[in-house]
């Protein structure tokens, strides 16, 4: 205080004001903090009937969304997932096996289902038209509008190889219509529907170079013949095939 | 709305409603803001198929904007945080619609929300919108095949013949209230894209090309605004209003005796009657269905107006008699029909920088028409007569004598006068809920929306401060707000508080960020001893930080909810099983049933808390 040369008796404004005392604790900053300080837990008021109605409405709408065609989750760890894909890695070999009561289990979509209702096509960008309506041919002129041919994008220096690859994949998917469906993409979870056909072709190829040994707990019972493995349980391959039926 | 917690909240809301895939796409878009398909694919690490389907479905729900540039032909995607945020308000909106237009209207509304946007023809085919009375089951089979819903393949289409009975009037009522709007192409692009497009279009006009300098700027600006208005306009109310009143408005003017008896019936019976109350009243006039090609969506802006009015009404109810509140409700409802949005500017206005914006003026006579003719107006004001017990919402005990009496002594001119008196009561400070205007000899009443919205905001802030720091703090804040910047001595003199209390409270509020100090040095050396310290309170700043805190609190609630759900995951999955769901009583043990009940009430509490917080956000941001 005195280093500002203040006169005695005349205190600085706010000098007696102490920062250390908090909201009523009154303890000094240097004192050890109490082990279990008193803590006032605020409690929410119970809901009023009006709020209850609002909450119920929200919940019922959310329930509808969840049961609707668009609700979709990312990770469906089934044994039918592609090898070395993310889903396969996270598959729990001990609890994840399909069981009888599993048929009542709510099936989660991994892909929003677009079919089953009509869409107003003009509200969507051109590149999604084919997704929405598989019968749509991108080459055909619609409403007098001819689809613009994509110019090759300007190459930018900072893009690394991987995403150029991606770019090309995207373009390919845009131009050739069937391509998007069959495209091979190692890292990603695909729809189990189309997965089942692809399981057979990567059986022996990439098995031994990445796995280290040839022991694989998940495959212990499969014995390498994946195409029959799934059907052995009699319910059509776990949750894979009939996910659209609920 | 680009702050961290707001973004987090939106992603959580999307996940809560639509699942992880949507949430992944949405949060990636929020992080990178504007991406073309390949880039989006790269960042989100999703497969082509997932991404395409996800994007299409999200566009259907207006959760993302898309824009295809003309030069490159590349489509860009952008998140629409507003739409995502409004997911949280769905419950409130549906409850409001149910209150205003009945249960069936709420069902229609929730179906439209469920579909994102929907063609009228599609709505016609939906089984859940079939009118509640199941009278037509047998007839259905006969009519099957004639229905207009062949285009839809997934649904079990039974003839769309008998639904218009209820569906179309309901849709019309919703549309004429402005709660539904027509979907336009431009609504799928973000505002900035639309503005740029419009600007480009204007600039390429030959007459504009020749202009220069300031004139060019002005023309472009004007033209852009006009074009945007035209392109984004999805107003459906035109042509559906008659005499400035939307169809299906509950209290209709010129109520004859038949109407009155109908209302009495309605008073006696409950919900069930409410649904049909207006529809059979209004049905006679025009049963022409809505054009089936129209695509409709929910108009959140208009609903904000309605919810804001509800809020004003609560304020009035707190401070005035119920009869007065009811008169006010009539005025507000009249105004609501003609108010499209809460305010003109998109940004949150700064304190003191917004001009007054009066609502549409409503003639006193119109309000008089609107007010329930049986409402006891004299009871709560003026020279006292016998006080009748009038409960809220005009429900009165079914005492014939009382109704008869009040009806007799309220003849038309005095009634108008009484309503005027009620409205002047509301126009008193501190809230100034109404204000009177005399336009060419005609008495009209308006509401100063901006003033009231500000008032609501201040009340909300004061509520928070009082809850956190006590009533002493509240007094200090009010003094500071009224007087501006004050030094400690003046503040103490005005607020009549001992120094010790004052300082403690100021210190704790400063550490909370509610008040702050400004130093005004008296000489160039800036010595602390020769410096004046002024305390000030800046509502704008506080508002922003509170808003942020509220977003954060909401997203924490959502996260908590998710965590609680994951704790009970196994059990909840069991209750979701297709055989258990619906017959919980049969398949679950008593202990499990209790657990389920507990879980439901816990979830309700958290969701209710989110709703309350949303109310705060609405006050701070939207109103």
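Residue numbers (our numbering), protein chains in the order written: chain A, 37 to 282; chain B, 11 to 633. Cβ coordinates follow ideal geometry from the N, Cα and C atoms, glycine included. Please read these numbers as outputs of a predicted model, since none were measured by experiment.
*Pair within 8 Å by beta-carbon distance, residue 39 of chain B and residue 164 of chain A*: Position 29 of the second chain, counted from the first residue, corresponds to residue 39 of chain B. Position 128 of the first chain, counted from the first residue, corresponds to residue 164 of chain A. When the beta-carbon positions are compared, residue 39 of chain B and residue 164 of chain A stay at least 8 Å from each other.
_CA nearest to the CA of residue 77 of chain A, picked from B/541, B/478, B/577 and B/507_ = Taking the first residue of the first chain as position 1, residue 77 of chain A is located at position 41. The residue with the shortest Cα to Cα distance from residue 77 of chain A is B/478.
*Output, in sequence order along the chain, the residues in the stretch 111-125 of chain B whose CB is closer than 9 Å to any CB in chain A.*
If the cut-off is 9 Å between Cβ atoms, the stretch 111-125 of chain B has 116, 120, 121, 123, 124 and 125 near chain A.
*Between the CA atoms of residue 70 of chain A and residue 110 of chain A - distance to the nearest angstrom*: Locating residue 110 of chain A in the first chain gives position 74, where the first residue counts as 1. Locating residue 70 of chain A in the first chain gives position 34, where the first residue counts as 1. Going from the Cα of residue 110 of chain A to the Cα of residue 70 of chain A covers about 46 Å.
*Shorter than 8 Å from the beta carbon of residue 129 of chain A to some beta carbon of chain B?*
As a working note, residue 129 of chain A is residue 93 in the first chain. Not one chain B Cβ lies under 8 Å of residue 129 of chain A.
*So is residue 528 of chain B in contact with chain A if we call contact Cβ pairs under 8 Å?*
By one-based count along the second chain, residue 528 of chain B stands at place 518. False, the Cβ-Cβ gap to chain A never drops below 8 Å.
*asked:* If we define contact as Cβ-Cβ less than 8 Å, is residue 100 of chain B a contact residue for chain A?
replied: Position 90 of the second chain, counted from the first residue, corresponds to residue 100 of chain B. Interface residue, yes.
_Counting only beta-carbon separations shorter than 8 Å, does residue 104 of chain A have a partner in chain B?_
Here residue 104 of chain A refers to the residue found at position 68 when the first chain is read from its first residue. It does: the Cβ of residue 104 of chain A has a partner Cβ on chain B nearer than 8 Å.
*Considering only residues of the same chain and omitting the five flanking positions on each side of residue 200 of chain B, which have a CB-CB separation below 6 Å?*
By one-based count along the second chain, residue 200 of chain B stands at place 190. The residues 75 and 88, in chain order, have a CB closer than 6 Å to that of residue 200 of chain B in the same chain once the five nearest residues on each side in sequence are set aside.
_For the alpha helix (DSSP H) containing residue 74 of chain B, name the first residue and the last one._
As a first step, residue 74 of chain B must be located in the second chain, where it is residue number 64. For residue 74 of chain B, there is no enclosing alpha helix (DSSP H); the residue is part of the beta strand (DSSP E) that begins and ends at 74-78.
*Chain-ordered neighbours of residue 78 of chain B on chain A, where CB pairs are closer than 7 Å*: One-based indexing of the second chain puts residue 78 of chain B at position 68. Annotation: Cβ neighbours of residue 78 of chain B in chain A (cutoff 7 Å, chain order): 161 and 162.
*Given 8 Å, three or more beta-carbon pairs between the stretch 588-596 of chain B and the stretch 521-533 of chain B*: Under the three-pair Cβ rule at 8 Å, the stretch 588-596 of chain B does not count as touching the stretch 521-533 of chain B.
_Proximal residues of chain A, C-beta to C-beta of residue 34 of chain B below 7 Å_ = Sequence index remark: in the second chain, residue 34 of chain B carries index 24 (1-based). Listed along the chain, the chain A residues whose CB falls inside 7 Å of the CB of residue 34 of chain B are 110.
*Span of the alpha helix (DSSP H) around residue 30 of chain B*: If you number the second chain from 1, residue 30 of chain B lands on position 20. Where residue 30 of chain B is concerned, the enclosing alpha helix (DSSP H) stretches over 30-42.
*Tell me where the alpha helix (DSSP H) around residue 10 of chain B begins and ends.*
Only positions 11 to 633 of chain B appear in the structure, and residue 10 of chain B is not among them; the question remains open.
*asked:* Is the separation between the beta-carbon of residue 429 of chain B and that of residue 462 of chain B shorter than 8 Å?
replied: For the purposes of this step, residue 429 of chain B is taken as residue 419 along the second chain, with counting starting at 1. For the purposes of this step, residue 462 of chain B is taken as residue 452 along the second chain, with counting starting at 1. Cβ atoms of residue 429 of chain B and residue 462 of chain B: not closer than 8 Å.
*Could you check how far apart the C-beta atoms of residue 345 of chain B and residue 375 of chain B are, in whole angstroms? I think they sit under 8 Å.*
Position 335 of the second chain, counting from 1, holds the residue named residue 345 of chain B. Position 365 of the second chain, counting from 1, holds the residue named residue 375 of chain B. Wrong, their Cβ atoms sit about 15 Å apart, outside the cutoff.
*Hey, is the stretch 50-63 of chain B in contact with the stretch 99-116 of chain B, meaning 3+ C-beta pairs nearer than 8 Å?*
Segments in contact, no.
_Any beta carbon from chain A within less than 8 Å of residue 304 of chain B's own beta carbon?_
For this step, residue 304 of chain B is matched to residue 294 along the second chain. So no, residue 304 of chain B is outside the interface.
*Tell me which same chain residues have a C-beta within less than 6 Å of the C-beta of residue 233 of chain B, skipping the five on either side of it?*
Counting from one through the second chain, the residue named residue 233 of chain B turns up at place 223. Same-chain partners within the cutoff: 212.
*From which residue to which residue does the beta strand (DSSP E) around residue 533 of chain B run?*
Against the second chain, residue 533 of chain B aligns to sequence position 523. For residue 533 of chain B, there is no enclosing beta strand (DSSP E), as DSSP marks it with neither H nor E.
_Per-residue DSSP class, three states only, for residue 78 of chain A_ = Sequence index remark: in the first chain, residue 78 of chain A carries index 42 (1-based). The answer is coil: DSSP assigns residue 78 of chain A none of H, G, I, E or B.
_For a contact defined as C-beta to C-beta under 7 Å, what are the partners of residue 64 of chain B on chain A?_
In the second chain, residue 64 of chain B corresponds to position 54, counting from 1. Near residue 64 of chain B (Cβ distances below 7 Å), the residues of chain A are 148.
*Alpha-carbon to alpha-carbon, residue 90 of chain A and residue 690 of chain B*: Absent from the structure is residue 690 of chain B, since the part of chain B shown begins at 11 and ends at 633.
*asked:* Would you say residue 271 of chain A lies against chain B (beta-carbon separation less than 8 Å)?
replied: Taking the first residue of the first chain as position 1, residue 271 of chain A is located at position 235. The predicted model places residue 271 of chain A with a pLDDT of 44, which falls under 50 and marks its position as unreliable; any figure quoted below should be read in that light. Not one chain B Cβ lies under 8 Å of residue 271 of chain A.
*asked:* Looking at chain B, is there any beta carbon in it that lies within less than 8 Å of the beta carbon of residue 99 of chain A?
replied: As a first step, residue 99 of chain A must be located in the first chain, where it is residue number 63. Residue-level contact check: residue 99 of chain A does not touch chain B, since none of the beta carbons of chain B fall below 8 Å from its beta carbon.
*Taking DSSP as the reference, what is the three-state secondary structure of residue 212 of chain B?*
What you label residue 212 of chain B is simply residue 202 of the second chain in a count that begins at 1. Three-state DSSP puts residue 212 of chain B in a helix.
*asked:* Within 8 Å of any Cβ in chain B, is that where the Cβ of residue 94 of chain A sits?
replied: Counting from 1 along the first chain, the entry for residue 94 of chain A is found at position 58. Chain B contact via Cβ: present.
*Expressed to the nearest angstrom, what Euclidean distance is found between the alpha-carbon atoms of residue 230 of chain B and residue 551 of chain B?*
Locating residue 230 of chain B in the second chain gives position 220, counting from the first residue. Locating residue 551 of chain B in the second chain gives position 541, counting from the first residue. So the two alpha carbons sit approximately 34 Å from each other.
*In chain order, what residues of the stretch 38-69 of chain B put their CB closer than 7 Å to some CB of chain A?*
For chain A, the residues of the stretch 38-69 of chain B that bring a beta carbon within less than 7 Å of one of its beta carbons are 47, 48, 51, 52, 55, 56, 57, 58, 59, 60, 62, 63, 64, 65, 66, 67 and 69, in chain order.
*asked:* For a contact defined as C-beta to C-beta under 9 Å, what are the partners of residue 85 of chain B on chain E?
replied: Among the protein chains in the structure shown, which are A and B, there is no chain E.
_Of the residues B/506, B/497, B/457 and B/337, the one placed nearest residue 542 of chain B, counting alpha carbons only_ = In the second chain, residue 542 of chain B corresponds to position 532, counting from 1. Checking every option, the nearest Cα to that of residue 542 of chain B belongs to B/497.
*asked:* Let's see if you can read the secondary structure: which residues bound the alpha helix (DSSP H) around residue 310 of chain B?
replied: Reading the second chain from its first residue, position 300 is the one you call residue 310 of chain B. From DSSP, the alpha helix (DSSP H) with residue 310 of chain B extends over 310-329.
*So the beta strand (DSSP E) residue 454 of chain B belongs to, where does it begin and stop?*
For the purposes of this step, residue 454 of chain B is taken as residue 444 along the second chain, with counting starting at 1. Looking at the DSSP string, the run of the beta strand (DSSP E) that includes residue 454 of chain B is 452-456.
_In the DSSP output, which residue or residues are listed as bridge partners for residue 88 of chain B?_
The count along the second chain starts at 1 and reaches residue 88 of chain B at position 78. Looking at the DSSP assignment, residue 88 of chain B forms a beta bridge with B/75.
*Can you list the residues of chain A that residue 132 of chain B reaches, using a CB-CB cut of under 7 Å?*
Start at 1 with the first residue of the second chain, and residue 132 of chain B comes out as number 122. Residues of chain A passing the Cβ test: 153 and 154.
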